[in-house]
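Following this line, the structure appears as structure tokens:
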């Protein structure tokens with residue numbers, strides 16, 4: 001079989017995955033089936049899609065594996081049901097689009113973004129390294145052509161010359177967002193992330209540089225963007241979930257600090273050491289998943305270091321810090337930090353100011369790095385959507401920022417120095 005033939009080879013019989021969002025995920029290509037079977041892709045079964053959000057929404061236990069299949073299915077429907085035979089779409093790009101969709105989250109680490117913040121890893125960079133490195137995924141992709149792994153990585157890195165394929169997977173209305181909004185809404189039991197995907201898909205049109213939406217689909221896009229806005233502020237930024245992330249972050253931070261000090265752990269966390277030392281190979285990265293991390297957290301609950309033990313117990317047993325809304329005042333943070341320290345509570349681990357923000361929609365303007373959503377009019381002209389939609393115009397370019405303070409209320413109440421305790425409580429009460 002030639003390399004080119006492998007890229008288009010069909011399975012003897014179509015495979016299907018039952019899926020709560022798309023009903024069925026269809027796999028008819030040998031290339032896609034072989035990628036799904038690789039150990040690097042199977043690892044995504046052991047990485048939660050929503051990190052610590054299960055601490056707030058108990059059914060949010062779904063994985064990056066399911067999401068990646070969902071993104072693949074949406075792109076498959078784009079190319080097979082909507083784009084095929086239309087101008088600006090070349091079906092030779094089908095394997096590239098399908099592989100990039102399937103593999104776009106391949107480099108996510110345990111608990112995703114929380115892990116990245118403390119160990120300064122980049123899941124997109126590791127996605128590309130896994131695709132281009134000495135891996136099973138790379139071996140499968142090279143069956144298409146020697147350069148094919150690099151092409152797939154370039155799509156994920158948004159540097160490939162095919163801007164249309166990039167926009168299918170990474171834009172302000174892409175397959176990635178269309179899947180995770182619906183999937184996350186389903187598994188958290190909310191309705192915020194629902195939108196009319198069938199209509200959005202049916203009205204998508206390929207162009208040289210991006211996916212366009214027929215102007216008759218504008219209201220479906222409005223629905224999509226508002227669903228995204230609500231999911232971020234009601235679900236993804238839920239303060240309890242963020243509190244779980246704060247605790248997990250402090251666990252990692254304490255463990256790394258202890259390792260740097262030469263502390264002798266009861267059980268050496270050998271799979272975390274490359275991350276502590278900042279020298280992580282592809283093999284090290286692939287080996288680490290949430291099963292491994294949870295094992296260490298369980299072990300650390302009985303660690304000799306009181307701070308690491310306490311933080312780990314809190315995370316494992318969901319004994320989260322209390323939180324308060326906050327205006328971001330540096331003066332207040334400084335005062336509370338000093339008081340915590342005087343009261344014998346280490347503010348480095350027990351007093352956290354968490355900030356988060358979102359920009360629901362942006363457009364092509366100076367300083368923006370986002371590709372806007374464009375409507376295709378009957379005349380053939382293209383219009384940026386916020387110029388046509390009052391709803392989208394109202395949220396365009398508006399960045400919403402929020403702060404929360406996290407602290408262990410019971411440790412404050414147990415302080416022996418009544419004056420310091422009173423000052424802390426008074427300052428916290430002023431924030432309410």
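In UniProt numbering, the protein residues as written are 1 to 432. Using N, Cα and C, we set each Cβ at its ideal position, and we do this for glycine too.
Contact holds between the region 245-252 and the region 344-362, because three or more Cβ pairs, one in each stretch, are under 8 angstroms apart. Judged by DSSP in its simplified three-state form, residue 222 adopts helix. Taking a cut-off of 8 angstroms for Cβ pairs, the region 134-141 and the region 30-39 touch, as three or more such pairs fall below it. DSSP, reduced to helix, strand and coil, places residue 173 outside both helices and strands of the structure shown, so it counts as coil.
Taking a 10 Å sphere around the C-beta of residue 5, we find fewer than 16 other C-beta atoms and assign the residue as exposed. Non-local C-beta neighbours of residue 319 in its own chain, meaning closer than 8 angstroms and more than five positions away in sequence, comprise 313, ordered along the chain. Residue 205 and residue 217 have their C-alpha atoms some 11 angstroms from each other. Beta-carbon to beta-carbon, residue 398 and residue 222 are separated by about 15 angstroms, too far to satisfy the 8 angstroms threshold. Scanning its chain for C-beta atoms nearer than 8 angstroms, with the 5 sequence neighbours on each side dropped, one finds around residue 65 the residues 41, 42, 44, 45 and 47, in chain order. Only buried fits residue 176, as 16 or more other CB atoms lie within 10 angstroms of its CB. Residues 106, 107 and 156 of the same chain have their beta carbon placed closer than 6 angstroms to that of residue 127, with the five preceding and five following residues left out of the count. In this structure residue 243 is not in contact with residue 54, their Cβ atoms being roughly 13 angstroms apart against a cut-off of 8 angstroms. Residue nearest to residue 59 within the set 358, 134, 189 and 169 is 189 (criterion: CA-CA distance). Between the region 63-78 and the region 4-21, the count of C-beta pairs closer than 8 angstroms reaches three or more; the two stretches touch. Residue 98 is a Cβ neighbour of residue 32, given a cutoff of 8 angstroms.
A distance below 7 angstroms between beta-carbons, with the five flanking residues on each side excluded, links residue 393 to the following residues of its chain, in chain order: 386. Judged by DSSP secondary structure, residue 356 falls within the beta strand (DSSP E) whose first and last residues are 352-358. Beta-bridge annotation (DSSP): residue 10 is paired with 29.
With a beta-carbon spacing of about 6 angstroms, residue 375 and residue 213 fall inside the 8 angstroms limit used to define contacts.
If you check the CB distance, residue 299 and residue 266 come in under 8 angstroms.
Residue 219 and residue 339 have their C-alpha atoms spaced approximately 52 angstroms apart. Residue 125 and residue 226 have their C-alpha atoms spaced approximately 30 angstroms apart.
Here residue 374 carries a strand assignment [DSSP, helix/strand/coil]. Per the coordinates, the alpha-carbon of residue 331 lies some 16 angstroms from the alpha-carbon of residue 354. Considering only 402, 101, 415 and 148, the residue with the shortest C-alpha distance to residue 170 is 101. CA-CA distance, residue 308 to residue 255, rounds to 7 angstroms.
The DSSP-derived three-state label of residue 384 is strand. The C-beta of residue 303 has 16 or more other C-beta atoms within 10 Å across all chains shown, which makes the residue buried.
DSSP, read as helix, strand or coil, puts residue 321 in coil. Counting C-beta atoms within 10 angstroms of its own C-beta, residue 93 has 16 or more neighbours from the protein chains shown and is therefore classed as buried. DSSP lists 205 as the beta-bridge partner residues of residue 212. Counting along the chain, the unbroken beta strand (DSSP E) around residue 407 starts and ends at 400-407. Under DSSP, the beta-bridge partners assigned to residue 23 are 19.
With contacts defined as CB atoms closer than 8 angstroms, residue 172 and residue 361 qualify as a contacting pair.
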